[in-house]
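Novice:
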Amino acid sequence: MLQRRIMGRFATGVTVITTRHDETLWGMTANAVLSLSLDPPLMLVSIDRRSQIHEYIVKAQCFAVNILTAQQEHLSRRFAMRGPKAFSGIAMEISATGAPIFLESLAFVDCRLEQVVEGGDHDMMIGTIVAGAVRDGAPLLFYAGQYASLAPPASAHAPVEGSSIDACFDHYGSF
Ligand SMILES: Cc1cc2nc3c(=O)[nH]c(=O)nc-3n(C[C@H](O)[C@H](O)[C@H](O)COP(=O)(O)O)c2cc1C
Numbered sequence: 132m133l134q135r136r137i138m139g140r141f142a143t144g145v146t147v148i149t150t151r152h153d154e155t156l157w158g159m160t161a162n163a164v165l166s167l168s169l170d171p172p173l174m175l176v177s178i179d180r181r182s183q184i185h186e187y188i189v190k191a192q193c194f195a196v197n198i199l200t201a202q203q204e205h206l207s208r209r210f211a212m213r214g215p216k217a218f219s220g221i222a223m224e225i226s227a228t229g230a231p232i233f234l235e236s237l238a239f240v241d242c243r244l245e246q247v248v249e250g251g252d253h254d255m256m257i258g259t260i261v262a263g264a265v266r267d268g269a270p271l272l273f274y275a276g277q278y279a280s281l282a283p284p285a286s287a288h289a290p291v292e293g294s295s296i297d298a299c300f301d302h303y304g305s306f
């Protein structure tokens with residue numbers, strides 16, 4: 132499809148969207164992710180209506196966006212497969228909303244679902260950010276249907292406020 136080929140030239144990072152409904156954890160690789168608003172702090176993820184995570188996010192009313200590092204390509208591949216996902220071998224913590232967050236990801240935001248807006252065969256899930264953190268490292272990239280990586284700029288090595296997983300919980304309401 133030409134749209135896919137054209138938009139494949141738009142280099143992106145790679146995330147795993149996670150959620151938890153009752154005891155069920157679910158995750159899905161996604162790059163249709165954007166920082167929609169700063170005030171209020173809103174995130175938007177575009178989710179295929181046929182994907183199974185869609186119904187779990189609606190039921191759970193929350194999602195987290197885990198931004199992957201260059202070392203986490205295997206997680207992107209794992210969570211891009213249809214069906215139940217194995218969370219084995221991933222260092223995780225349950226965040227404020229109940230969604231699992233990956234402790235070794237480059238950054239994460241934890242969101243409470245606010246709105247679901249139809250967009251053709253996808254739905255835009257809009258969430259208010261209630262927690263988040265950043266860490267040092269190199270991002271995983273996706274370009275023209277392939278994974279790539281980028282050396283981080285020197286400034287990305289400087290310690291960032293809130294870079295520990297504990298610090299993220301201090302950030303409630305202060306994004
Ligand atoms: C790099 C990459 C980015 C993706 N981005 C999205 C996305 O933004 N939204 C989406 O609905 N699917 C996206 N997908 C496809 C889903 O990861 C895939 O359909 C997944 O199997 C759905 O899982 P589920 O149906 O078990 O929930 C992407 C896949 C890859 C490899």
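FYI, the numbering for the sequence shown is 132 to 306, going by the numbering used here.
For each residue, glycine too, the CB sits at the ideal point set by N, CA and C.
Just so we're clear, the structure is a prediction, and the values are computed from it rather than from any experiment.
1) What's the call for residue 270, buried or exposed, on a 16-neighbour Cβ count within 10 Å?
2) Quick check on DSSP: helix, strand or coil for residue 297?
3) Give a single yes or no on whether residue 248 has its beta carbon closer than 7 angstroms to a heavy atom of ligand 1.
4) So for residue 201, helix, strand or coil by DSSP?
5) Alpha carbon to alpha carbon, what distance is there between residue 149 and residue 215?
6) Could you compute how far the alpha carbon of residue 238 sits from the alpha carbon of residue 133?
7) Report the start-end ranges of each beta strand (DSSP E) in the segment 186 to 273 that is 3 residues or longer and not cut off at the edges.
8) Grab the span of the beta strand (DSSP E) containing residue 169 for me, first residue to last.
9) Please list, in chain order, all residues of the same chain as residue 268 whose beta carbon is under 6 angstroms from its beta carbon, the five residues on each side excluded.
Specialist: In this structure, then:
1) buried
2) Interpretation of residue 297 is limited by its pLDDT of 46, a score under 50 that renders its predicted location unreliable; no figure is taken from the coordinates.
3) no
4) helix
5) 12 angstroms
6) 32 angstroms
7) 193 to 198, 223 to 225, 231 to 233, 238 to 250, 253 to 265
8) Note, residue 169: premise wrong, no beta strand (DSSP E); not H, not E.
9) 200, 237
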